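Position one of the sequence shown corresponds to residue -15 (the working numbering), numbered consecutively onward. We treat Cβ as the ideally placed atom computed from N, Cα and C, and that holds for glycine. Keep in mind that this is a model prediction, so the values were computed, not measured. Data block below; observations after.
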Amino acid sequence: MDEVILRQACAADLPAIRTLIYQVGINPLGLNWRRFLVAETQAGEFIGCGQLKPHFDGSMELASLAVVPAWRGRGVARRIIQQLMRNAPRPLYLTCLAHLGAFYEKFGFRVLGPEEMPPYFRRLYWLARLAGKFLCWKLLVMKAD
């Protein structure tokens, strides 16, 4: 893999973060650049990001994980996840589409039932379940201890 550099985001990264989040079609809410880790090439090209996002109920989420299409399959997401998880409080939660569940299991996440979810994720789960009936997708809520 070409050399990838991970670093804390700065204010100047926010436009690239927003663009990538919209490009990959994930939740664009709560994009506070101060919580983001970014991946870039040695030449300074922005190639991915992720954040640890706190919620009102005290839960912490691994969120906004995205890699530009040309860099997928090259270990960028894995490195972002590992770095974010290194000092993250536990438990750590995430939401993902069902087909991505096996990927996150490699990092110690497991799928939760609604009764195991903190309030924020339980509400999101039920809303997504309702929407998923019409959009033909399933959302998972996962947890790493």
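If residue i and residue j are in contact, beta carbons under 8 Å, what's the gap, nearest whole angstrom?
i, j, result
"residue 34", "residue 15", "12 Å between Cβ atoms; not a contact."
"residue 43", "residue 102", "4 Å"
"residue 41", "residue 109", "Residue 41 to residue 109, Cβ: 13 Å. No contact."
"residue 23", "residue 63", "7 Å"
"residue 28", "residue 52", "Actually they do not touch by this definition, with Cβ atoms about 14 Å apart."
"residue -1", "residue 6", "With 8 Å as the limit, residue -1 and residue 6 do not qualify as a contact, their Cβ atoms being about 11 Å apart."
Out of the options, which has the shortest C-alpha to C-alpha gap to residue i?
i, options, result
"residue 37", "7, -6, 94, 73", "73"
"residue -6", "107, 19, 66", "19"
"residue 25", "124, 11, 59", "59"
"residue 4", "-12, -9, 55, -13", "55"
"residue 85", "106, 122, 114", "122"
"residue 80", "67, -13, 10", "10"
"residue 98", "113, 87, 2", "113"
"residue -12", "89, 2, 8, 61", "61"
"residue 106", "89, 39, 88, -10", "39"
"residue 1", "-8, 17, -10, -9", "17"
Since residue i sits in a beta bridge, which residues does DSSP pair it with?
i, result
"residue 128", "76"
"residue -8", "21"
"residue 111", "Paired residues: none, contrary to the question."
"residue 106", "In the DSSP output, where bridge partners are listed per residue, residue 106 has none listed."
"residue 94", "127"
"residue 81", "123"
Hey, would you say residue i sits closer than 7 Å to residue j, going by beta carbons?
i, j, result
"residue 93", "residue 50", "no"
"residue 46", "residue 76", "yes"
"residue 111", "residue 82", "no"
"residue 65", "residue 91", "yes"
"residue 126", "residue 68", "no"
(Q) What ranges does the beta strand (DSSP E) occupy inside the stretch -2 to 61, keeping only unbroken runs of at least 3 residues that lie completely in it? (A) 20 to 25, 30 to 38, 44 to 51
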